[in-house]
Amino acid sequence: MLDAVLKSMPHDLNPAQRDAVNTLSGPMLVLAGAGTGKTRVVTYRIAELIKHRAPPERILAVTFTNKAAGEMQERTAELLGKRRNGAQRPEISTFHSLCVRILRRHIVKLGYPAQFAIYDRGDQESVARAALRDIKVPNAVLRPGDLLAIVSRWKTASIRPPEAASLAQSDKEHLAAMAYRRYQKALKSAGAVDFDDLLLCTEELFAKSPDARAAEAARFSHLLVDEYQDTNGAQYRIIKALAEKHRNLCVVGDDDQSIYGWRGAEVTHILRFQHDWPEAKVVRLEENYRSTDAILAMANRLIAYNRHRHDKVLRAIRTGGEPPRILQYSDESSEAKEVVEEINSQIFRRLAEPRDFAILFRTNEQPRAFEQELRRAKLPYTLIGGMSFYDRKEVRDVLAYCRVLTHPRDEVSLMRIINTPARGIGAKAVELLLERAVSQARPLWEVLGEAAEVAGLPAAAIDAVGTFRKLVEGHRRRLEREPPSQVVSDLIHTVRYQDEINRQYKEPADQLARWSSVEEVVNALAGYQQRAKSPTLAGFLDDVALAGRDEQDDKESKLARNAIVLMTLHSAKGLEYSQVYLVGMEEGLLPHSRSVAAEGSAIDEERRLCYVGVTRAKDKLTLTLSLSRNKWGKPRDTTPSRFLFELLGKADNPEALRKKKQRPA
DNA sequence: GCACTGACCGTTTTT
DNA sequence: CGGTCAGTGC
Numbered sequence: 021m022l023d024a025v026l027k028s029m030p031h032d033l034n035p036a037q038r039d040a041v042n043t044l045s046g047p048m049l050v051l052a053g054a055g056t057g058k059t060r061v062v063t064y065r066i067a068e069l070i071k072h073r074a075p076p077e078r079i080l081a082v083t084f085t086n087k088a089a090g091e092m093q094e095r096t097a098e099l100l101g102k103r104r105n106g107a108q109r110p111e112i113s114t115f116h117s118l119c120v121r122i123l124r125r126h127i128v129k130l131g132y133p134a135q136f137a138i139y140d141r142g143d144q145e146s147v148a149r150a151a152l153r154d155i156k157v158p159n160a161v162l163r164p165g166d167l168l169a170i171v172s173r174w175k176t177a178s179i180r181p182p183e184a185a186s187l188a189q190s191d192k193e194h195l196a197a198m199a200y201r202r203y204q205k206a207l208k209s210a211g212a213v214d215f216d217d218l219l220l221c222t223e224e225l226f227a228k229s230p231d232a233r234a235a236e237a238a239r240f241s242h243l244l245v246d247e248y249q250d251t252n253g254a255q256y257r258i259i260k261a262l263a264e265k266h267r268n269l270c271v272v273g274d275d276d277q278s279i280y281g282w283r284g285a286e287v288t289h290i291l292r293f294q295h296d297w298p299e300a301k302v303v304r305l306e307e308n309y310r311s312t313d314a315i316l317a318m319a320n321r322l323i324a325y326n327r328h329r330h331d332k333v334l335r336a337i338r339t340g341g342e343p344p345r346i347l348q349y350s351d352e353s354s355e356a357k358e359v360v361e362e363i364n365s366q367i368f369r370r371l372a373e374p375r376d377f378a379i380l381f382r383t384n385e386q387p388r389a390f391e392q393e394l395r396r397a398k399l400p401y402t403l404i405g406g407m408s409f410y411d412r413k414e415v416r417d418v419l420a421y422c423r424v425l426t427h428p429r430d431e432v433s434l435m436r437i438i439n440t441p442a443r444g445i446g447a448k449a450v451e452l453l454l455e456r457a458v459s460q461a462r463p464l465w466e467v468l469g470e471a472a473e474v475a476g477l478p479a480a481a482i483d484a485v486g487t488f489r490k491l492v493e494g495h496r497r498r499l500e501r502e503p504p505s506q507v508v509s510d511l512i513h514t515v516r517y518q519d520e521i522n523r524q525y526k527e528p529a530d531q532l533a534r535w536s537s538v539e540e541v542v543n544a545l546a547g548y549q550q551r552a553k554s555p556t557l558a559g560f561l562d563d564v565a566l567a568g569r570d571e572q573d574d575k576e577s578k579l580a581r582n583a584i585v586l587m588t589l590h591s592a593k594g595l596e597y598s599q600v601y602l603v604g605m606e607e608g609l610l611p612h613s614r615s616v617a618a619e620g621s622a623i624d625e626e627r628r629l630c631y632v633g634v635t636r637a638k639d640k641l642t643l644t645l646s647l648s649r650n651k652w653g654k655p656r657d658t659t660p661s662r663f664l665f666e667l668l669g670k671a672d673n674p675e676a677l678r679k680k681k682q683r684p685a
């Protein structure tokens, strides 16, 4: 029966792990250090729950990234074995997709359309720009990006425009509060939410509608939360609302790996767990199976410099190992060159494979030099993050076309494509139409139907607007019967988007690259169509907004791909590599200058970031720094990171390190 | 309506 | 250095 398909629990779990896996009811806090088999424990726990007759579909596991969710899905699927078709699986999703699903069912109660759009970073910037223009704040005083940062900070603390206005202290914050009000109004009238709203609206929904809250909470009997140290206020309250009744809540986290404080995550949540759930069982996982003793000793020395933390010491199961190296170079190009050279020679001598290596850095501008060298050396590599596929202009255009089809109230998307490619609806015409929309407080799309009544609009423009409306409406109707990918592909051809690309870019190589991204979007849509249970264009857009890139299709190629990985320290959390190069170990970079300037505990978070980097390494760790680094085109001298001294236990005596480090690059 | 030019200016991390 | 933006000229 069921038990027969479930893989039995392995015998090599240590007592603490076994304890965490076997405790199936009531609240539990698992304090799991880096490399202590956390994922293993979580997945076996899910399997164990099912073995003890918990209906799989009533188990919910929440993760913070899509990657983590995907991995957990795969591993649990493995444990559950091949189950007959239609067998329910546990629900494993990110916080944000969980909220989307909840909001789909209830958001009308908050005054949004059921078919709301999710605005990503680029869309948010457009709205922010318009809000600032409205209140006549010049770019020099407050840029859209700055506004978004402030607004996001407010939102993650569940502060809404009225509170923000009274909380604002500096001039900048007062302006931001005014812009925030307009920003939020614009989102709502466009029927859209941003990333923070997904959490905030869910929280608000639960507060305003006890029925919705009870219904959502009743869907699950067991709740697991991974990376609990990264929960922000809204997430914390959502979890509480969902688990309060059944109390079968298991959270897993490591306060030493809390690196999202800037996003509203509060370590206090993990430190406070026992207070909120007094009957909670606490399990500590302190045996590290990942790194050699040499690497772990360094990590322990480093993190000990942080004051506020759950006191714990990771014990290495793997003894010995090569001592980590610190290498310094004269500038960032030789840093990149030498690191790549070292990797190359190991691969050439068959001592290692590309997939054994990770190059980790603090900021997204750092990988450039490494990419160059890797290309030159003809080594396969994957760059995680950075400029996303979905940030490309032409991709955004195509997605905007899709959103105009599915979300008639979405103004940002409509504005983006209303004259792209140029179709005779120029800036002046758009301005007049927009004026009418704003003065009548109606969606721009509706106003397009009355173009003839707009004073000052030339006949040619009225015609153009009419043609555009027919075009969109025609394709909207087709969407009811035909597969989305067909409709979208036709729409792109009808508007002659390829001609637009060829006009904009002179180089044939550019033209080809740009057009192939357009094709890739259509392919992604077709792929989604095939795997989704009930595919809709709107569903695809949700996927894109939440997943960033098409993880499903990537899965095979990504896993199969034997490539060196380049990524930020933030993206590296939860992953492990045989050999890690932690590059750019300099003051100003790690710790980042912004954190050095900020008062309070910003440095502690940078230290945790460094700790995360160090503990990614299984066998070999190399820390590098460059004595000079280009900034705005000019080379500038650097200072070795304070963390290097701490790692070596020489924090009080920097001179000693300088002598010791004469080792040549 | 659109392409081109030169001045200006900034540094983080992500769902 | 590289991206953005206002201003200019067709």
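The opening residue of the first sequence carries number 21 in the working numbering; numbering runs sequentially from there. All C-beta atoms, glycine included, are put in the ideal place defined by N, C-alpha and C. Please read all numbers here as calculations on a predicted model, not as lab measurements.
Fully contained in the stretch 243-323 are the following beta strand (DSSP E) runs of length 3 or more, in chain order: 269-273, 301-305 and 307-312.
Secondary structure at E342: coil, using DSSP grouped into helix, strand and coil. Within the model, the alpha-carbon separation for V418 versus I512 is close to 7 Å. Runs of the alpha helix (DSSP H) lying entirely within the stretch 176-240, each at least 4 residues long, are 181-187, 191-209, 215-228 and 230-237 in chain order. Given a length threshold of 4 residues, each whole run of the alpha helix (DSSP H) inside the stretch 39-123 is given here in chain order: 58-71 and 86-100.
Linking K208 to E362 through their CA atoms gives a straight-line distance of about 54 Å.
A Cβ-Cβ contact shorter than 7 Å links L647 with S350. A contact between stretches requires three or more CB pairs, one per stretch, nearer than 8 Å, and the stretch 148-161 fails this requirement with the stretch 254-271.
Per DSSP, the continuous alpha helix (DSSP H) segment holding I623 begins and ends at A622 to V634. Straight through space, the alpha carbons of A397 and Q549 are spaced by roughly 39 Å. Under the DSSP assignment, N650 falls in the beta strand (DSSP E) whose first and last residues are A637 to K651. Your pair N308 and I337 checks out as a contact, with CB atoms roughly 6 Å apart and the cut at 8 Å. Here R516 carries a coil assignment [DSSP, helix/strand/coil]. W297 and T312 have their C-alpha atoms some 36 Å from each other.
CA-CA distance, R497 to R202, rounds to 33 Å.
Take the alpha-carbon of V542 and the one of V508: they are about 7 Å apart. Pairing Y139 with D563, the inter-Cα distance amounts to about 12 Å. Taking all protein chains in view, the Cβ of R233 is crowded by 16 or more other Cβ atoms within 10 Å, so the residue is classified as buried.
Comparing alpha carbon positions, the residue from S113, E286, K175 and T487 closest to F84 is S113. Contact between L602 and V634 holds: their C-beta atoms lie close to 7 Å from each other, under 8 Å.
Distance between G446 and I438, taken at the CA atoms: about 9 Å. Using a Cβ distance threshold of 7 Å, R335 and E306 count as a contacting pair. Boundaries of the beta strand (DSSP E) around D657: K654 to D657. Exposed is the label assigned to K654, since fewer than 16 other Cβ atoms lie within 10 Å of its Cβ. Beta-bridge pairing by DSSP links H612 to G608 and L609. Note on geometry: alpha-carbon atoms of A196 and L167 lie some 6 Å from one another.
Collapsing the DSSP output to three states places T426 in a helix.
In the assembly as shown, K448 is an exposed residue. Its beta-carbon has fewer than 16 other beta-carbons within 10 Å. Taking C-beta atoms as the reference points, F368 and I379 fail to come closer than 7 Å. Our two residues, R329 and D624, have alpha carbons roughly 10 Å apart in a direct line.
With respect to S146, V467 sits apart: the two C-beta atoms are not nearer than 7 Å.
One Cα belongs to R124, the other to L454, and the distance between them is close to 29 Å.
In the structure shown, R335 adopts extended strand secondary structure according to DSSP, grouped into three states.
Of all alpha-carbon atoms in S591, M587, A263 and E666, the one lying nearest the alpha-carbon of P611 is that of E666.
When T402, Q599, G57 and Q506 are compared, the shortest CA-CA separation from Q366 is found for Q599. Straight through space, the alpha carbons of A40 and L33 are spaced by roughly 10 Å.
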